[in-house]
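Worksheet: one structure, shown below.
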Amino acid sequence: MRMSKLFVQTLREFPADAEVISHKLLVRAGYIRKLTNGVYNFLPLMWRVLKKVENIVREEMDAAGAQELLMPFVQPSELWQESGRWDVYGKELMRLQDRHGRDMCLGPTHEEVITSIAREGIRSYKQLPVNLYQIQSKFRDEIRPRFGLLRGREFIMKDAYSFDVDEEGLDKSYEIMAQAYRNIFERCGLETKMVQSDSGAIGGSVSHEFMVLVNEEAENNAGENDVFYCTKCGYSANSNHAVSILNKAETDGKFEKAEIIDTPNTHSIEELAAFLNIPSTVICKALIYVVDGKYVLALIRGDRTVEETKLMNVFAGNDIRIARNDEIEEIMSASGFNAVAGFIGPKGLKNIEMVADETVKDLKNFVIGCNQNDKHLVGANWGIDIELPKKIADIRLVEENDKCVDCGAELKVTKGIEVGNIFKLGTKYSKAMNATFTDKDGKEKPFIMGCYGIGISRTAAAAVERHHDEYGIKWPLAIAPYTVIVVPVSDQDETQMKVAEEIYNKLLTANVEVLIDDRSERAGVKLKDADLIGIPYRITVGKTIKDNLVEFKTRATNLVETVTPDEAIEKILSL
RNA sequence: CGGGAUGUAGCGCAGCUUGGUAGCGCACUUCGCUUGGGACGAAGGGGUCGCACGUUCGAAUCGUGUCAUCCCGACCA
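Sequential numbering from 104 applies to the first sequence in our numbering.
Below, the structure written as structure tokens:
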């Protein structure tokens, strides 16, 4: 391709509205252009990159025995009614009506559609297992799209769905996909970590995420997830799912008797601990949440933090948020109290479900709110002064330096970009949608399903997050839009142009994806653009051509070698 | 949903306080000159100043509303 004809516009400056480096660079280097909030045009260079990623995904999926198909982007509400998600999916689901007033939605994912395909097309266990996938645009009406391609509303995704006769089959399908994913990301030049993640309210399900770990020193940390990992044994999990061994702490408040005392203006644990001159670990924190519209009281030791996803799962919920002040007021008055946040406790509260984190059960002579403003109960003990909630669960956020449950070593935390997710669905959709097959024993059984996603456009953006420098992008070779760019320094120099054209034509003939910068620009412009766009290799034809020498630059390392034109070509052909 | 900020040419911005009919850099077009790290000179083209209403003889500028974008937050008691 000739740069003079390539549809690309590089910018001298970074776009003002971009925050993270992949967004800044992709816009500036002319790969993408925003159409509207969270929705981007993929310009020719970007489209080449995306096709590279897609093809790697395709090859590995096909090799893993999956079959590609394409499902509609617009889906009828009926299917979503059947699965029960029409009412629970929330505002992320982009709903619309057709001219007849029929409810439709833009596909954020395709479990419903694939399940309908399977129930029509699969009648017998003999047809199983089967794994079907597609690569397609998805639309999710995110609350707050940001970070360019990393969290857009419309994005390209590969989604695969497996159907098996039983759990063992699913385990096998799942492991095949996990291996395919490792291959895919490795081929894309991305180091990923497979971490355990939350699998939602479906009991017994398993899910893993593939995370690109983000450099901690990165200026703008694009990783939206916290990943906890063990320094010794390889355990790793998303913070919404991570577990740890309880850290040792003082759990005896050493108060001699239980009494309600004045604790004015102690709205936070820190203030309360400082006022009483006690460690925060002998305080029992009480928090009111709203899970699917119902109030829930969560108890946790004062030094720890509630992990909302874990708490939500205790109640098999779909949605969770902390209660607003007016809601707290409502709960208090319903039980005859008027305490505000900071003085809340479980004693005497009516019509509210309660759960206690494991951290609170061993507390002795501890401090807890008593639903009276500016007062706390000190020296409290479970079973004597206050009943311990029947429901006890792990609802706490793991913290760095907690101990690994598998080996006892220390856990560390890092930021990650989720580029892939694999999930054991079980029979959630097949049962709800009555998708069954006839098994060996002649009985109708629901499919055992799994689903497996990869964010194609996010993977490309993550690659930029990991591979760039102050001058621009450094594409991994496998997903670069072109392999090499030939740059004649001066288009006025006939020899330079002639040699550059020769190199270009030889590479073209050898089916190399090659660019030639034949623009009548000054050297600086061409060299800056080559670095910015991030082509892995550059062959610069300059003055030294009189000695039959050109420059061979590797973008990844910025290493420059002086070689003959033939040697440069040979280097490319031997990649 | 709450808070903050910003909307002026494709991109980055100034002008607004103190109303008088729009400007700078980059990019673009033409010519000259230049060609190893984003040159230079000359001449051009391009903007209903987000939108609506209002105040005024007159609004990019003041007021109200609205829309959009960006950032932060969405309550750890």
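Yeah, the Cβ is synthetic: ideal placement off N, Cα and C, and Gly gets one too.
Item	Value
Look up ARG687 in the DSSP assignment and say whether it is helix, strand or coil.	Residue 687 cannot be examined here, being either before or after the span of the chain that is shown, 104 to 678.
In the DSSP output, what is TYR143 paired with across the bridge?	LYS137
Which word fits HIS344, buried or exposed, when buried means at least 16 other C-beta atoms lie within 10 angstroms of its C-beta?	buried
How big is the Cα-Cα spacing for LEU678 and GLU604?	21 Å
So what's TRP189 in DSSP terms, helix, strand or just coil?	helix
Taking the beta strand (DSSP E) that ASP267 belongs to, which residues open and close that run?	257-267
Sorted by chain position, which residues of the same chain lie with C-beta nearer than 6 Å to VAL233's C-beta, five sequence neighbours on each side aside?	PHE266
Got a sec? Which residues, its chain only, sit under 7 Å from THR334 by beta carbon, not counting five neighbours each side?	ALA512, GLU513 and LYS515
DSSP on ALA401, reduced to helix/strand/coil?	strand
Going by alpha carbons, who is nearest to ILE348 out of MET207, ARG658, CYS510 and SER533?	CYS510
Given a threshold of 16 other Cβ atoms within 10 Å of its Cβ, counted over all protein chains shown, does VAL191 qualify as buried or as exposed?	exposed
So what's ALA563 in DSSP terms, helix, strand or just coil?	helix
May I ask whether a heavy atom of the ligand NAD can be found less than 7 Å away from the beta carbon of GLU327?	With respect to the ligand NAD, the structure shown offers nothing to examine, as it has no ligands at all.
DSSP state of PHE485, grouped into three classes?	Per the sequence shown, residue 485 should be read as Trp rather than Phe. Residue state, collapsed to three classes: strand.
Using the three-state DSSP reduction, which class does ASP572 fall into: helix, strand or coil?	strand
What is the DSSP secondary structure of LYS577, counted as helix, strand or coil?	coil
Touch check for the stretch 514-533 and the stretch 208-221: three-plus C-beta pairs under 8 Å?	yes
For LYS674, report the span of its alpha helix (DSSP H) as first-last.	668-676
For TYR228, which of helix, strand or coil comes out of DSSP?	helix
Helix, strand or coil: how does DSSP classify ILE305 here?	Unreliable placement is indicated for ILE305, whose pLDDT of 45 sits below 50; the coordinate value is still reported in the next sentence. It is coil, neither helix nor strand.
Smallest Cα separation from VAL592: which of ARG131, ASP634, GLY210 and ILE642?	ILE642
Just to confirm, is the Cβ distance from ILE638 to ALA583 under 8 Å?	yes
Based on DSSP bridge pairs, tell me the residues matched to PRO549.	THR539
On the premise that GLY645 lies in contact with GLN595, defined as a C-beta separation below 8 Å, what is that separation, rounded to the nearest angstrom?	Going by Cβ atoms, the distance from GLN595 to GLY645 rounds to 12 Å, so no, they are not a contact pair.
To the nearest angstrom, how far is the alpha carbon of GLN282 from that of CYS291?	14 Å
Going along the chain, which residues of its own chain have a beta-carbon closer than 7 Å to the beta-carbon of SER438, five neighbours each way excluded?	GLY451, LEU452 and LYS453
Classify ASP650 as buried or exposed, calling it buried when 16 or more other Cβ atoms lie within 10 Å of its own Cβ.	exposed
If I follow the unbroken alpha helix (DSSP H) through GLU289, where does it start and stop?	270-290
Measuring straight from C-alpha to C-alpha, what distance separates GLY558 and LEU252?	10 Å
Would you list, in sequence order, the uninterrupted beta strand (DSSP E) runs of no fewer than 3 residues that lie entirely inside the stretch 356-390?	362-365
Using the DSSP secondary-structure output, state which residues sit across from ALA450 in a beta bridge.	At residue 450 the sequence reads Lys, which differs from the Ala that was named. Its beta-bridge partners do not exist; DSSP assigns none.
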